[in-house]
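Everything on this sheet refers to the single structure shown next.
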Ligand SMILES: [Zn+2]
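In our numbering, the protein residues as written are 188 to 610.
This is how it looks when you write it as structure tokens:
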């Protein structure tokens, strides 16, 4: 089920008995930060980032209240992140938080931790900005971290590439956010791969190639994600990637310059595709082409996305999309219909495949030689075993003969003795 409409959060403001004189901001501040529209706060952010699909209307601020415990005693009694959020929920015994989508626990002094756990967000006094709260609320709503293609690790506990899509809120640790606003840092927006997954990208604003598997080139305009009021496509989906246009304005004001971005969507994590992998540059500028066609083996499918130009007055990027059809597989008359090999294919085979094939063939010979040796050893072992059996049989015969001879000798001796006595 897609998450849509009003997402109501209970915002709980809690003070400790030993620091009750410290109240970082008045209650109205949190109302402006998280709930009221038109303040440039978190509610405005989600309205813009979700393309109007969700908002935080109906959220409520509770507090400040002072609990009868010191900060240190509270931490000792609430070691985990969820324990601390639960501690805030328990402090408001008169508030039923169960009808809310989630809880945001804000303490008047830092607890040495912050972030999302369960359906809650733990917040230190300094975490009152759109980027942090947006990211953590995003987690509560089902969003997950975004990646780039690199092997870089943002922290020793994070995965390679995780938190490295600077154009997506769900990489917040290292994102392009704004400064100078009352609730800064704010932004960036949520990438189209994540919007698509959350069901926040209207299908009629996504361009798809009109034909399923026929080669053609299409010129299309993509509207900046921050200007959804401009009619037109906000994303293009083809060849397993999703393309968007981003402009430094609104909640994307922290972006250094306009850029086309390409993501490979995956559930649940999107990956941003670099225009230059070596420098981890993810911007696609006019003149650059994303090429995912299988060139070496001839014209056998794929897409090519060329950035033509940006029109910042109209808030659009012009792109040229080339779709190369995949040649159908034939199952009958294979020999008759076998295509004449592409000369480029033969030279490719000469240059790359032949040495590999030869190396493999000599390896196969080695393996065959080893196999022959193994068989010869086995034959020899069998021969030895047979010889051993023959020797054993002979030994048995020799024993028998010896016993017969001994028996005969005894009989003969006895006969000689008898005859010498009686003759
Ligand atoms: Zn996170």
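Beta carbons are placed, not taken as given, at the ideal position from N, Cα and C, and that holds for glycine.
query: Closer than 6 Å: residues whose CB approaches a heavy atom of ligand 1; result: 322, 326, 332
query: Residue 253 - partner residues in DSSP beta bridges; result: 202
query: Closest residue to residue 229 among 443, 317, 283 (Cα-Cα distance); result: 317
query: For residue 257 and residue 219, believed in contact at Cβ under 8 Å, the rounded distance; result: That belief does not hold up - the Cβ atoms of residue 219 and residue 257 are roughly 30 Å apart, past 8 Å.
query: Assigned secondary structure, residue 279 (DSSP; H/G/I helix, E/B strand, else coil); result: coil
query: Contact under 8 Å by Cβ, residue 332 with residue 354; result: no
query: The stretch 356-376 touching the stretch 469-477, judged by at least three CB pairs closer than 8 Å; result: no
query: Cβ pair residue 307, residue 289 closer than 8 Å; result: yes
query: For residue 191 and residue 272, believed in contact at Cβ under 8 Å, the rounded distance; result: Actually they do not touch by this definition, with Cβ atoms about 25 Å apart.
query: Buried versus exposed call for residue 497 [16 or more other C-beta atoms within 10 Å across all chains shown]; result: buried
query: Per-residue DSSP class, three states only, for residue 304; result: strand
query: Residue 232 burial status per 10 Å Cβ neighbour count (16 or more: buried); result: buried
query: For residue 424 and residue 447, believed in contact at Cβ under 8 Å, the rounded distance; result: Not a contact, Cβ separation roughly 14 Å.
query: Range of the contiguous beta strand (DSSP E) that encloses residue 433; result: 428-433
query: Supposed close pair residue 413, residue 376 - CB separation, criterion 8 Å; result: 6 Å
query: Where residue 209 sits in the DSSP three-state scheme; result: coil
query: Rounded separation between residue 311 and residue 488 - CA only; result: 52 Å
query: Length of the line joining the Cα atoms of residue 465 and residue 338; result: 11 Å
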